[in-house]
Amino acid sequence: MSSEKQLIVRLKRGQSSAVRQWFTLYHDRMLRYVRNKVGDPQDGEELVQETFLNALRQLPLFRGDASLWTWMIAIARHEIADYYRKRYAKKALHTVPLLDALLTKPLDDTSEISQLVTTCLARMQAHSAELLRLKYIDKKRVTEIAGVFGKTVKAIESELFRAREEFRIVYSQVLVESMM
Numbered sequence: 011m012s013s014e015k016q017l018i019v020r021l022k023r024g025q026s027s028a029v030r031q032w033f034t035l036y037h038d039r040m041l042r043y044v045r046n047k048v049g050d051p052q053d054g055e056e057l058v059q060e061t062f063l064n065a066l067r068q069l070p071l072f073r074g075d076a077s078l079w080t081w082m083i084a085i086a087r088h089e090i091a092d093y094y095r096k097r098y099a100k101k102a103l104h105t106v107p108l109l110d111a112l113l114t115k116p117l118d119d120t121s122e123i124s125q126l127v128t129t130c131l132a133r134m135q136a137h138s139a140e141l142l143r144l145k146y147i148d149k150k151r152v153t154e155i156a157g158v159f160g161k162t163v164k165a166i167e168s169e170l171f172r173a174r175e176e177f178r179i180v181y182s183q184v185l186v187e188s189m190m
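Counting in my numbering, the sequence shown runs from 11 upward without gaps.
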């Protein structure tokens, strides 16, 4: 049996020495990988910790079809994708005009922000939600959006105005519901 397979068996048994060995073996390499993807050293360290925790939680599901490193990279990729989804959701939330008037409590938790934006967009009319995604998340210019929909710039500006109004209303409702 290979040393990696032995390590996996020991990890699945919950041996603390195996966890320490596993962490020592993969931590620095994983940190380099994640930091290359996110840039921020502090965020990178947090994502590595989340990767290890999720790997431990999911270890009983590990079948050994791939190497332990490959499997951990797949988990890290999911963590990185979540990181960017939350980051862009927060950015989108803060770029919607008049947002400050809607905020009644500070939103420090990016997962909360991401959930609020996702909920709001899901409750909106599909066209309005798509317009806001293109404008505020994908950072498309109004002229680009007009080209996508085959409409004039003025028509898209008008639709964006209505979409922002719809977002404000839905956001207020979602925020009230979340406080109950």
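Backbone N, C-alpha and C define an ideal beta-carbon position, used for all residues, glycine too.
When secondary structure is reduced to three states using DSSP, Q25 falls in the coil class, being assigned neither helix nor strand. Burial state of F62 is buried, judged by a 10 Å Cβ sphere holding 16 or more other Cβ atoms. Rounded to the nearest angstrom, the gap between the Cα atoms of A132 and A139 is 7 angstroms.
In the structure shown, K47 adopts helical secondary structure according to DSSP, grouped into three states. In this structure G74 does not touch K22 by the C-beta definition: roughly 10 angstroms separates them, more than the 8 angstroms allowed. Assignment of F72 by DSSP, reduced to helix, strand and coil, places it in the coil class. Taken atom to atom, the span from the alpha-carbon of L69 to that of G157 is near 48 angstroms.
Collapsing the DSSP output to three states places M82 in a helix. The residue from Y43, I123, T129 and L71 with its alpha-carbon nearest to that of E89 is Y43. One thing to note: L41 has its Cβ within 9 angstroms of the Cβ of V58.
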